[in-house]
Amino acid sequence: MAAKIHTEEEASLAPLQGRVFGVIGFGSQGHAHALNLRDSGVEVIVGLPEKSRSVGVAQELGFAVHRSPEVTARADVLFLATPDLVIPHLYAAEIAPHLRPGQTLGFAHGFAVHYRTIAPPANVNVILVAPKGPGHLVRREFTLGRGVPALVAVGQNPSGKALETALAWATGIGAARAGVIETTFREETETDLFGEQAVLCGGVTALVQAGFETLVDAGYQPEMAYFECLHELKLIVDLMQEAGISGMRFSISETAKWGDVTVGPQIIDEHVRETMRKVLGRIQDGSFAREWIAETEGGKKRYKELLQQGADHPIELVGARMRSLMPWLKKRDVSGAQAAFETGGGKPIE
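The C-terminal residue of the sequence shown carries number 352 in the working numbering, and the numbering is unbroken.
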């Protein structure tokens with residue numbers, strides 16, 4: 003059954019007009035939604051901790067910054083634009099005590115609602131607006147008069163108008179210019195986590211590193227391994243994004259096509275597919291969520307160790323040297339505030 007797709011012609015900003023939209027957090031998604039909605043004529047207020055490094059960025063962009071309880075009390079629609087496992091503690095301490103009947107609680111990812119790390123009261127609407135791209139792309143496309151497609155879902159609907167509010171929100175950030183797809187919190191959460199783990203992040207990074215190591219271990223220069231296993235990946239992904247897998251194959255050599263269709267299935271074989279099914283099963287039964295929650299509550303020691311191992315991998319050292327030879331690549335400082343990423347500071351987030 004084809005998904006229901008809403009467009010700009012049928013969506014409306016009306017449900018947000020005359021209402022206050024509160025954004026808690028000012029990272030990648032938070033800053034993009036705040037700016038786009040404000041530019042669309044919606045009244046937006048921002049909530050941040052006093053010592054957040056994003057306070058200065060938000061103020062420079064013209065937002066008055068308040069503490070989360072004040073934003074919660076003033077807002078009609080409240081977007082929790084903070085990391086998944088920050089949400090439960092923030093919600094319990096600063097959001098829940100100030101909620102009132104008829105408010106709308108919104109998210110850009112369904113983790114907290116689907117895995118019940120928070121329990122919104124029954125008299126509050128709960129919605130999801132999830133652009134299918136990082137916040138910096140959401141902002142950039144909006145300023146160009148275009149939009150990034152988004153997903154919308156309704157978790158609770160005591161007002162009977164939750165979907166209309168979600169569609170208005172999606173319209174305000176520019177998503178309806180491209181297309182807004184109806185889904186559920188469960189579907190968005192589980193497919194998003196699976197894609198990240200099995201393909202987009204976990205699968206791809208492990209495949210790239212394994213290919214690099216295989217070539218280097220066989221005696222090839224690491225620079226050659228970097229180009230063949232990481233640098234050129236973007237060329238292939240861009241072709242697939244623009245025209246699908248068949249379109250990519252149309253653009254590559256006959257030799258590359260033959261290697262693709264004969265060797266690819268040997269790499270992604272039944273053993274890998276079975277592992278993917280297990281990964282999906284752990285997402286569906288909540289095992290992954292429980293593991294990640296426990297890791298976070300335990301101080302993220304293993305998480306930090308694994309990230310450091312990745313940062314120390316030889317492909318990172320070789321890559322930094324090779325990228326310095328490519329002046330057309332944007333130089334990124336990933337140590338600053340996320341909302342400043344487009345100006346050279348910050349980092350993209352989930």
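By construction, the Cβ of each residue, glycine as well, lies at the ideal position given by its N, Cα and C atoms.
Quick caveat: nothing in here was measured; it's all calculated off a predicted structure.
Helix or strand or just coil, what does DSSP make of Glu45?
Note: Glu45 maps to strand in three-state DSSP.
Once DSSP output is grouped into helix, strand and coil, what is the label at Ala227?
In this structure, Ala227 counts as helix in the three-state DSSP scheme.
Does DSSP classify Val182 as helix, strand or coil?
Here Val182 sits in strand by DSSP.
Asn127: buried (16+ other C-beta within 10 angstroms of its C-beta) or exposed?
It is buried - the Cβ of Asn127 has at least 16 other Cβ atoms within 10 Å.
Give the C-beta separation of Ser253 and Leu241 to the nearest angstrom, bearing in mind that I take them to be a contact with Cβ-Cβ under 8 Å.
Going by Cβ atoms, the distance from Ser253 to Leu241 rounds to 5 Å, so yes, they are a contact pair.
If I'm right that Met324 touches Glu225 with Cβ under 8 Å, what's the distance once you round it to whole angstroms?
The pair is a contact, with the Cβ atoms about 6 Å apart (cut-off 8 Å).
Write down the C-beta distance between Pro133 and Ile183 rounded to the nearest angstrom, noting that I regard them as a contact closer than 8 Å.
Wrong, their Cβ atoms sit about 11 Å apart, outside the cutoff.
How should Trp171 be labelled, buried or exposed, when 16 other C-beta atoms within 10 angstroms of its C-beta is the threshold for buried?
Classification for Trp171: buried.
According to DSSP, is Leu149 part of a helix, a strand, or is it coil?
Per the sequence shown, the amino acid found at residue 149 is Gly instead of Leu. Of the three classes helix, strand and coil, the one that applies to Gly149 here is coil, per DSSP.
Considering Val206, what are the terminal residues of the alpha helix (DSSP H) in which it resides?
Per DSSP, Val206 belongs to the alpha helix (DSSP H) from 204-219.
For the beta strand (DSSP E) containing Ile97, list its first residue and its last residue.
First-last for Ile97: undefined, no H or E at that position.
Run through DSSP, which three-state label would His8 get?
DSSP places His8 in strand when its eight states are reduced to three.
Please return the same chain residues whose Cβ sits closer than 8 Å to the Cβ of Lys280, not counting the five positions on each side in sequence.
Excluding sequence neighbours, Lys280 sits near nothing in its chain.
Give me the residue from Ser42, Ile7, Pro51 with the minimum Cα distance to Ile26.
It is Pro51.
What whole-angstrom Cβ distance do Gly157 and Ile129 have, given they're in contact under 8 Å?
Rounded, the Cβ-Cβ distance is 7 Å, consistent with contact.
Between which two residues does the alpha helix (DSSP H) containing Val263 stretch?
Run containing Val263: 256-269, per the alpha helix (DSSP H) assignment.
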